[in-house]
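Below is one structure, written out as structure tokens; comments come after it.
In full-length UniProt numbering, the protein residues as written are 1 to 240.
Structure follows, in structure tokens:
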């Protein structure tokens, strides 16, 4: 999951002046042996530092290839599957949940993947500081925190400013692919993206696309399907 605060939500009347909304919530979690191995051995090899200038990812990966960035990869299962099945592409994952980062890195080490790198810090900072304009082929945002209560909608990562930032980082023809298992959030995403300049909805009906084959189905999603829960995929292409 992505998109929350690193501090508790203040009550009404509490001073918000110096609080800054981030794209994550920092949560503690138990670390398995494999996750700790991933952090210990994988961090020096695959975790990138937050930079103050756009990173030359061609140099990082040692080649020029189609490039995908995923915000909030959770435990990393989908990102690992995508990277393993598409060795001709490069992938960058952003996640702050330490067990998730460790799990992903352990998978990278176990599978010997060379086309995946990780940031373990705020996704908005990564996009703003580390990613060059017009450089990404895809940006993935799968199952972000929907912040169900109306008074917390301002904490959702999908906002007009986010759409503008992502558009600046995508190549012309690049795609923002979002997925959610909460229909009201899908409707909200559509509202934001339909008025965001410089995008085209790739759904034939102007709503959601069928589940794309390149998005792996997670255990969480399979469980939801058994319970009758839906998943909504949205794809928007950068026009200019």
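Don't be surprised by glycine CBs; every beta carbon is placed ideally from N, CA and C. Remember, it's a predicted structure, so these values are computed and weren't measured experimentally.
Listed in chain order, the beta strand (DSSP E) elements of length 3 or more contained wholly in the segment 33-73 are 67-71. DSSP, read as helix, strand or coil, puts residue 96 in coil. For residue 153, the secondary structure class from DSSP, reduced to helix, strand or coil, is helix. One thing to note: residue 160 has its Cβ no nearer than 9 Å to the Cβ of residue 131.
Positions of the beta strand (DSSP E) runs, each at least 3 residues long and wholly inside the segment 160-190, are given as 170-180 in order along the chain. The C-beta distance from residue 175 to residue 235 rounds to 6 Å, short enough to meet the 8 Å contact threshold.
Inclusion of residue 43 and residue 113 in the CB contact set at 9 Å is not warranted, their separation being larger than that value. Between residue 46 and residue 141, the alpha-carbon positions lie close to 21 Å from each other. When the alpha-carbon of residue 118 is set against those of 33, 48, 200, 205, the nearest one is in 48. Per DSSP, the unbroken beta strand (DSSP E) holding residue 139 starts and ends at 136-142.
Sixteen is the threshold: when 16 or more other Cβ atoms of the shown chains lie within 10 Å of the Cβ of residue 177, as they do, the residue is buried. Residue 120 is positioned such that its CB atom lies closer than 9 Å to that of residue 101.
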